[in-house]
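Okay, so here's the structure we're looking at.
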Amino acid sequence: MNCVDGQRTLRDLSVQMRRDVAAIAASLLPFAQLDWIGFISIPDLPTPIWQKELPPAAVLATPEPAKSADALIACIDDSFWVCNMMEKIIASAGYQFIGVNDPLRAISILLSRKPDLIFLDLVMPTANGYEICEKLRKISCFRETPIVILTGNDGFVSRLRSSSAGATDFLTKPLEAEAVLSAIRKHLSQGVTSNQGVTSSSHAPTDRGASRNNSVSGSASNDPNLARFSVAADH
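Below, the structure written as structure tokens:
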């Protein structure tokens, strides 16, 4: 009951306690019937206010030697909010973006789109990030694709398991826009340097025009006032 402080939604409690939302609601029902607690309906979260705004030139001036107009970045996270924020960061930097909120469909969607880099949430209600990473590494076109794990658990065991599963890198929530873009530049640059002419089957040119810049989680956005943002540690 320490978590029930009037500041958390059922979804927040589900993530924090690692239990199903329905189970959380059922466990709280007796307290609600005694009028010890109450439930209220809240609207969707508004678009967050950036903590610090940077002029558009600050983003445009960032060196991106490996970026191409065709680079596609994917984010697999069950949180629509996280995918929307990642879309703002990635699209504003000039990359194409695809967001996947249903981890059970992630592999089939990635196979159809063949992204150049993948951000993968570690703990999701219906799937395990380690397992998704391992399955992707068994597919020839994703053996060399950078996979960056996203998680709120910055522990040695998590990092070790991520590495064992085939992850390329590890970002800890709450995320910062600068860290996200730095990871993209770093791994796309390494891919161009080490895989040029070797992994043509993995990153062969495809028709990645305007249709590629679609997000499963919503339409693409382009926010030039890019700054740092914090995503609440979902897991």
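Counting in our numbering, the sequence shown runs from 967 upward without gaps.
Every residue gets a Cβ at the ideal spot worked out from N, C-alpha and C, and that includes glycine.
For the ligand ATP, I want to know if residue i counts as a neighbour, meaning its beta carbon is within less than 6 Å of at least one of the ligand's heavy atoms.
{"i": "residue 1154", "result": "Within the structure as shown, the ligand ATP is missing, as the structure has no ligands at all."}
Measure the C-alpha to C-alpha separation of residue i and residue j and round it to an integer number of angstroms.
{"i": "residue 1135", "j": "residue 1080", "result": "19 Å"}
{"i": "residue 1018", "j": "residue 1142", "result": "Model confidence at residue 1018 stands at a pLDDT of 44, short of 50, so the residue's coordinates are unreliable; what they give is reported in the following sentence. One C-alpha to the other measures close to 11 Å."}
{"i": "residue 1055", "j": "residue 996", "result": "43 Å"}
{"i": "residue 993", "j": "residue 1003", "result": "12 Å"}
{"i": "residue 1242", "j": "residue 1047", "result": "Nothing about residue 1242 can be read from this structure; the chain reaches only from 967 to 1201."}
{"i": "residue 1083", "j": "residue 1038", "result": "7 Å"}
{"i": "residue 1000", "j": "residue 991", "result": "14 Å"}
{"i": "residue 1051", "j": "residue 1007", "result": "23 Å"}
{"i": "residue 1150", "j": "residue 1096", "result": "20 Å"}
{"i": "residue 1062", "j": "residue 1074", "result": "19 Å"}
{"i": "residue 977", "j": "residue 986", "result": "9 Å"}
{"i": "residue 1112", "j": "residue 1148", "result": "13 Å"}
{"i": "residue 1206", "j": "residue 1103", "result": "Because the chain spans 967 through 1201 in this model, residue 1206 falls outside it and cannot be assessed."}
{"i": "residue 1058", "j": "residue 1129", "result": "29 Å"}
{"i": "residue 1122", "j": "residue 989", "result": "30 Å"}
Is DSSP giving residue i helix, strand or coil here?
{"i": "residue 1065", "result": "strand"}
{"i": "residue 1093", "result": "strand"}
{"i": "residue 1043", "result": "coil"}
{"i": "residue 1007", "result": "coil"}
{"i": "residue 1142", "result": "coil"}
{"i": "residue 995", "result": "helix"}
{"i": "residue 1105", "result": "coil"}
{"i": "residue 978", "result": "helix"}
{"i": "residue 1057", "result": "helix"}
{"i": "residue 1154", "result": "helix"}
{"i": "residue 985", "result": "coil"}
Taking the CB atoms as reference points, tell me whether residue i and residue j lie closer together than 7 Å.
{"i": "residue 1099", "j": "residue 1133", "result": "yes"}
{"i": "residue 1088", "j": "residue 1115", "result": "yes"}
{"i": "residue 1065", "j": "residue 1049", "result": "yes"}
{"i": "residue 1120", "j": "residue 1090", "result": "no"}
{"i": "residue 1126", "j": "residue 1092", "result": "no"}
Assuming the contact rule is C-beta atoms closer than 8 Å, residue i and residue j should be a hit. Round their C-beta distance to whole Å, please.
{"i": "residue 1117", "j": "residue 1152", "result": "Contact flag wrong, Cβ pair sits at about 18 Å."}
{"i": "residue 1042", "j": "residue 1085", "result": "7 Å"}
{"i": "residue 1137", "j": "residue 1131", "result": "The pair is not a contact, with the Cβ atoms about 15 Å apart (cut-off 8 Å)."}
Can you name the residues that DSSP bridges to residue i?
{"i": "residue 1137", "result": "1116"}
{"i": "residue 1085", "result": "1041 and 1114"}
Within the 7 Å Cβ cut-off, does residue i reach chain D?
{"i": "residue 1115", "result": "Looking at the structure shown, chain D is missing, and only one protein chain is on hand."}
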